[in-house]
Amino acid sequence: MVGFVIQRLLQAGLVMAAMSVLVFVGVYAVGNPIDVLLSPNVDQITRLETIAAYGLDRPLWEQYLLFAGRLIHGDFGRSFIFGVPVLDLIFSRLPATLELTLAAVIAATLLGVPLGMYAGYRPDSTASRVIMGVSILGFSVPTFWVGLLLIFVFGVELQVLPAGQRGETATLFGIEWSFLTGNGLRHMLLPALNLSLFKLAMMIRLARAGTREVMFGDTVKFARAAGLRERTVLGRHVLKLIAIPIVTVFGLEFGSTLAFAVVTETIFSWPGVGKLIIDSIATLDRPVMVAYLVLVAFLFITINLVVDLTYAALDPRLRRGGAR
Amino acid sequence: MAGTPIADFWAEFRANRVAVVALAVVLLTVLATLAAPILVPQDPYDLANLTLRDARRPPGYVGTAGFTHVLGTDAQGRDLLSAIVYGLRISLGMGITAGCIAFAFGATVGAVSSFVGGRIETIAMRIVDLQLSFPAILLALVLAAVLGQGKTQLLIALVAAQYAYFARTAHGAATAERHKDYVEAALSTPLPARTVILRHIVPNCLPPLIVVATVQVANSIALEATLSFLGLGLPPTEPSLGMLIANGFQYLLSGRYWISIYPGVALIVLIVAINLVGDQVRDQLNPRLRR
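Residue numbers (our numbering), protein chains in the order written: chain A, 16 to 339; chain B, 18 to 308.
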């Protein structure tokens, strides 16, 4: 087991290093950062001084090592646009993204699991067909389009919900949150719904497949034979049995929901990390781009590592298999 | 069942009316985009045709050029129906091109790594698995941001985000075929390994790959639209559906819905139709789902 853990840790480190090289080459070496830093009519001496100050006259591998050294110390540089350290900037935007993502994942679970269980319990009823139709749409229709429709219907035509921004916030633990005020919650409703649709479709499928399988099993037969009401059978026994895969996916999908948040935040002008990265791409704010990319890569590599190690702890066969 | 395998396949396909309608929609769209110049009332990107007097008119408005704008006009006074057909042409073209390249590249990676085996197989499949755990949209977003705007760059981003699905599928299928007798027999002849892979293994891996391909074409159209909507996709000279929707977005808030809603409807109909066809093909090709 120790060997396996060390092997996986090394692998994760290697992948992280490869990602940082990719990001470095992509963001720093393609194009000339000096053109972004300086206005075109600066004289040649200032230009050369700036190049030297940023170490851009050194060989590429040396620049990369400096870059990697700074990354390890958590120094991502300063944003060109906002003039503040990038890490501070990202952490100031993170709560908005986190509360939106959490609201979306929770909504998807609370809605998707009962709907999916019903569709699995009565697979041939009309309601189940409608539910499955919705889940197919949720999978195939792009997020940004649904967001647009939501804005149009609820924000423009019916004028019942705000179509952008975060609304009023309240402070808790020194951080601004929208979910603590009524106005903030109203602002959160549409973007959270938009972000949750894909997850909702997935939860419905998972719950349906699980329920269909469990319904034919002995647990349900015995529970029914014991004279339990159908509601109790479903709510107490079936739910428990289908919970494990749902919880796994819930955890795994949290990361990818962060990725989808980029789209939703842009449409609803939700001031989170996703909107920050899109804005920084548009304004060529390289340090912000680099920090976001490296942090996201780190997040996903960590999630994968944790999943691998958990599975290995649960299933001894995987430990001996090596890298297969 | 009588007849050739293709006739049988078609007979089974025809039984699902929804899939037939979806297939008709897809084929009609392809035809319409191919015949776009003769079908649409206006060349939407010839600036001489446009006048600002016609800008942002609702559906049904009769323009200065004398014909009716069935779906209205956009901010430059462009006939929206014409713009949508041209947009579909670009979106569909990008989706199919990206899908084909990803198919060829992914299938090669999968089949060859399965055939070669050993360390190369382990490393290649490890990379593929890693990519599969990374959401495709994020990967495409990162690449589009890093590579910059342009048609080639976008194609690279789309292919990189999608080839892993083909590689995984091809690897699984090729590994299953690898030890069957006909492959061993082919290998015992003096045929080069390349021929054995291409002539014998790959054709037998095709059914699952075709299923992946239909889904991935729909996905790359959606992905391209998303990236173009975010301003990271095609340059403004190549207005795909995603860009049309993005251009109309600012007018949506003032109630001029048609500028972005209609291109969106076209996009959704196309994506859903491709997915429905793909679902039916999958059901028919997957022996486990057969009743």
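Every residue gets a Cβ at the ideal spot worked out from N, C-alpha and C, and that includes glycine.
Q) Residues of chain B with a CB under 9 angstroms from the CB of residue 41 of chain A: which are they? A) 159, 160, 162, 163 and 164
Q. Based on the DSSP output, what are the partners of residue 285 of chain A in its beta bridges?
A. According to DSSP, which records beta bridges pairwise, residue 285 of chain A is partnered with nothing at all.
Q.
Measuring only the C-alpha atoms, how far is residue 118 of chain A from residue 108 of chain B?
A. 33 angstroms
Q) So, is the C-beta of residue 21 of chain A closer than 8 angstroms to a C-beta in chain B? A) no
Q. Going straight from the alpha carbon of residue 209 of chain B to that of residue 192 of chain B, what length do you get?
A. 19 angstroms
Q: Output, in sequence order along the chain, the residues in the segment 288 to 307 of chain A whose CB is closer than 7 angstroms to any CB in chain B.
A: 293, 296, 297 and 304
Q. When the Cα atoms are used, what is the spatial distance from residue 82 of chain A to residue 38 of chain A?
A. 11 angstroms
Q. Taking Cβ-Cβ distances shorter than 7 angstroms, what residues in chain B pair up with residue 277 of chain A?
A. 158
Q: Write down the C-beta distance between residue 152 of chain B and residue 274 of chain A rounded to the nearest angstrom, noting that I regard them as a contact closer than 8 angstroms.
A: 4 angstroms
Q | Within 8 angstroms, strictly: CB atoms of residue 137 of chain A and residue 286 of chain A | A | no
Q.
Less than 7 angstroms separating the Cβ of residue 161 of chain A from some heavy atom of the ligand MN?
A. Absent from the structure shown: the ligand MN. Ligands present: none.
Q. Can you find at least 3 beta carbon pairs, one from the segment 233 to 251 of chain B and one from the segment 162 to 182 of chain B, that sit closer than 8 angstroms?
A. yes
Q) Looking at the unbroken alpha helix (DSSP H) that takes in residue 261 of chain B, where does it start and where does it end? A) 258 to 269
Q | Helix, strand or coil at residue 58 of chain A according to DSSP, with G and I counted as helix | A | coil
**Q.** Whole-Å CB distance - residue 234 of chain B paired with residue 113 of chain B, under 8 angstroms assumed
**A.** 6 angstroms
Q. Which of the three DSSP states, helix, strand or coil, is assigned to residue 96 of chain B?
A. strand
Q | Beta carbon of residue 188 of chain B nearer than 8 angstroms to that of residue 260 of chain B | A | no
Q: Please determine if the segment 97 to 111 of chain A and the segment 296 to 306 of chain A are in contact, where contact requires at least 3 C-beta pairs separated by less than 8 angstroms.
A: yes
Q) Using a beta-carbon distance below 8 angstroms, is residue 152 of chain B in contact with chain A? A) yes
Q. Which value, in whole angstroms, describes the spacing of the CA atoms of residue 182 of chain B and residue 100 of chain B?
A. 33 angstroms
Q.
In whole angstroms, give me the CA-to-CA distance for residue 297 of chain A and residue 240 of chain B.
A. 19 angstroms
Q | Span of the alpha helix (DSSP H) around residue 341 of chain A | A | Beyond the ends of chain A as shown, which are 16 and 339, falls residue 341 of chain A; an answer cannot be given.
Q) Counting Cβ pairs closer than 8 angstroms, one from the segment 281 to 300 of chain B and one from the segment 213 to 228 of chain B, do we hit at least three? A) yes
Q) Just reading off the alpha helix (DSSP H) that residue 40 of chain A is part of, what are its end residues? A) It is not in any alpha helix (DSSP H) - residue 40 of chain A carries neither H nor E in the DSSP assignment.
Q: State yes or no: is the beta carbon of residue 163 of chain A nearer than 8 angstroms to at least one beta carbon in chain B?
A: yes
**Q.** Beta carbon proximity, residue 10 of chain A to chain B, threshold 8 angstroms
**A.** Not covered by the structure: residue 10 of chain A. The range shown for chain A is 16 to 339.
Q | Below-8 angstroms beta-carbon distance, residue 243 of chain B vs any chain A residue | A | yes
Q: Work out the CA separation of residue 157 of chain A and residue 151 of chain A for me, nearest whole Å.
A: 12 angstroms
Q.
Could you pull the DSSP bridge partners for residue 93 of chain A from this structure?
A. A/100
Q: Drop a sphere of 10 angstroms on the beta-carbon of residue 206 of chain A, count the other beta-carbons inside from all chains shown, and report buried for 16 or more, exposed for fewer.
A: buried
Q) In chain B, which residues lie with their C-beta within 7 angstroms of the C-beta of residue 157 of chain A? A) 239, 242 and 243
Q | Nearest-angstrom Cα separation, counted from residue 86 of chain A out to residue 104 of chain A | A | 16 angstroms
Q: Kindly give me the distance between the Cβ atoms of residue 171 of chain B and residue 244 of chain B, rounded to whole angstroms, as I take these residues to be in contact under 8 angstroms.
A: 7 angstroms
**Q.** Within-8 angstroms CB hit, residue 271 of chain A to chain B
**A.** yes
Q. Chain A beta carbons: is any one of them nearer than 8 angstroms to that of residue 126 of chain B?
A. no
Q: For my contact list, residue 56 of chain B and residue 102 of chain B are in at a C-beta cut-off of 8 angstroms; report their separation, rounded to the angstrom.
A: 7 angstroms
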